[in-house]
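Protein chains in written order, with numbering that gives the first Met the number 0: chain W, 0 to 163; chain L, 0 to 133. The structure appears below as structure tokens.
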Amino acid sequence: MSVEHLRIDNRLIHGQVTASWTNKIGTDHIIVVNDKVAQDPIQKKMLPRAARGIETSVLSVDEAAEYITSEKGKKDKIMVIAKLPSDALGLLEKGVEPKEINVGNQALVSGEENIKITKSISIMPKQAEVYKKISDKGYNLTYKVMPSDSGGDFIKTLKEKDLL
Amino acid sequence: MIGIIIIGHGNFADGLLGAAEMIIGKQKKIKALSLMPTDNPEEFRKKLKEKVKEMNDNNGILILADMFGGTPANAANYLLEEKIIEKMDVVTGVNMPLTIELINLRHSTNELSLLISEAKKIFNESFKILSELD
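Shown next, in the form of structure tokens:
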């Protein structure tokens with residue numbers, strides 16, 4: 000399988016990604032995954048521009064899983080940016096096997112109960128279960144904003160906050 | 000007068016505005032909007048949209064963003080694509096000389112395209128390697 004890195008990040012393609020992560024991973028194809036974003040014509044036009052020259056696709060969960068597991072997809076060095084943990088889980092359930100999974104940014108969602116986990120990550124209590132399901136698929140979920148961050152065990156942190 | 004909104008990561012926008020005003024004094028029709036680590040990008044975009052509409056007086060709005068491809072610039076790019084007002088543009092990678100010149104220049108023109116073409120010149124001139132100067 001060809002997914003070098005899966006990042007859960009609701010900011011999608013932004014400064015931290017293009018200035019630090021793409022180099023570290025050595026990706027030649029960024030795939031942004033979220034059903035809603037994939038239907039937004041402005042995002043579809045803008046995100047490839049923000050990627051500064053790296054081939055970029057903006058796909059629904061189904062489309063992304065289909066491409067990544069295809070013969071063509073297997074030849075790419077893919078960085079997946081899943082907007083939400085549910086997008087990441089959707090990919091795993093459809094047979095995508097990233098080498099590593101990291102939580103980048105998850106911002107507060109207004110009008111919902113949010114629990115702050117780190118400076119860059121807030122989650123709704125109901126999402127804790129989604130992260131656990133990801134981890135149960137055999138992943139050590141880290142939380143690094145930058146590649147140089149030491150990162151930690153995200154599931155352990157959720158347990159410390161009594162979310163699991 | 001053309002309105003200016005500075006946007007950026009962390010304290011960049013407030014810092015740049017504060018620094019510019021330290022040199023040319025307090026200014027009208029200029030605002031700073033900051034994206035902090037916990038801020039939601041969609042909400043940042045909403046706030047920016049409100050600011051643009053609030054400040055626009057038909058001469059248009061110029062948004063100065065810290066870096067191309069960053070979340071603040073992406074939000075501005077989105078609003079540009081949405082065409083939320085008739086005259087609007089976004090420049091990225093802004094610095095101090097550019098900001099000061101743009102603030103001053105808008106007193107002599109209400110033409111957004113002219114302001115932007117000037118901006119390009121100023122920006123290129125502002126980068127200097129001092130050891131290479133005569």
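Just so it is clear, CB atoms sit at the ideal spot from N, CA and C, and this is done for glycine as well. Since this is a predicted model, take the numbers as computed values, not measurements.
(request) Quick one: measure Cβ to Cβ for histidine 28 of chain W and isoleucine 77 of chain W, integer angstroms, because I've assumed they're closer than 8 Å. (result) 5 Å
(request) Just tell me which of L:Thr37, L:Ile1, L:Lys120 has its CA closest to the CA of valine 108 of chain W. (result) Between valine 108 of chain W and the set L:Thr37, L:Ile1, L:Lys120, the nearest pair of CA atoms involves L:Thr37.
(request) Using a Cβ-Cβ cut-off of 8 Å, state whether histidine 8 of chain L counts as contacting chain W. (result) yes
(request) Just the chain L side, please: which residues come within less than 9 Å of serine 119 of chain W by C-beta, in chain order? (result) Pro36, Thr37
(request) Pull up the distance between the alpha-carbon of phenylalanine 11 of chain L and that of methionine 35 of chain L, whole angstroms please. (result) So the alpha carbons of these two residues sit roughly 10 Å apart.
(message) I'd like the span of the alpha helix (DSSP H) that includes glutamate 92 of chain W, first residue to last.
(response) 84-92
(request) Quick one: which residues of the region 94-126 of chain W get their C-beta closer than 8 Å to a C-beta of chain L? List them in chain order. (result) Of all residues in the region 94-126 of chain W, Asn104, Ala106, Leu107, Val108, Ser109, Lys115, Lys118, Ser119, Ser121 have a Cβ within less than 8 Å of some Cβ in chain L.
(message) Within 8 Å, do at least three Cβ pairs link the region 122-135 of chain W to the region 7-25 of chain L?
(response) no
(request) Determine the DSSP secondary structure at alanine 50 of chain W, reduced to helix, strand or coil. (result) coil
(request) Can you give me, in chain order, the residues of the region 48-77 of chain L that have a beta carbon less than 7 Å from any beta carbon in chain W? (result) Met66, Gly68, Gly69, Thr70, Asn73, Asn76, Tyr77
(request) Answer yes or no: does any C-beta atom of chain W fall closer than 8 Å to that of glutamate 177 of chain L? (result) In the structure as shown, chain L begins at 0 and stops at 133. Residue 177 of chain L is therefore absent and cannot be evaluated.
(request) Tell me whether the beta-carbon of proline 146 of chain W lies closer than 8 Å to the beta-carbon of serine 1 of chain W. (result) no
(message) Can you check which of these residues, L:Pro71, L:Met95, L:Gly17, L:Lys48, is closest to isoleucine 121 of chain L by C-alpha distance?
(response) L:Met95
(message) Strictly below 8 Å CB to CB, what residues from chain W border proline 96 of chain L?
(response) Within 8 Å Cβ-Cβ: nothing; proline 96 of chain L doesn't reach chain W, min ~22 Å.
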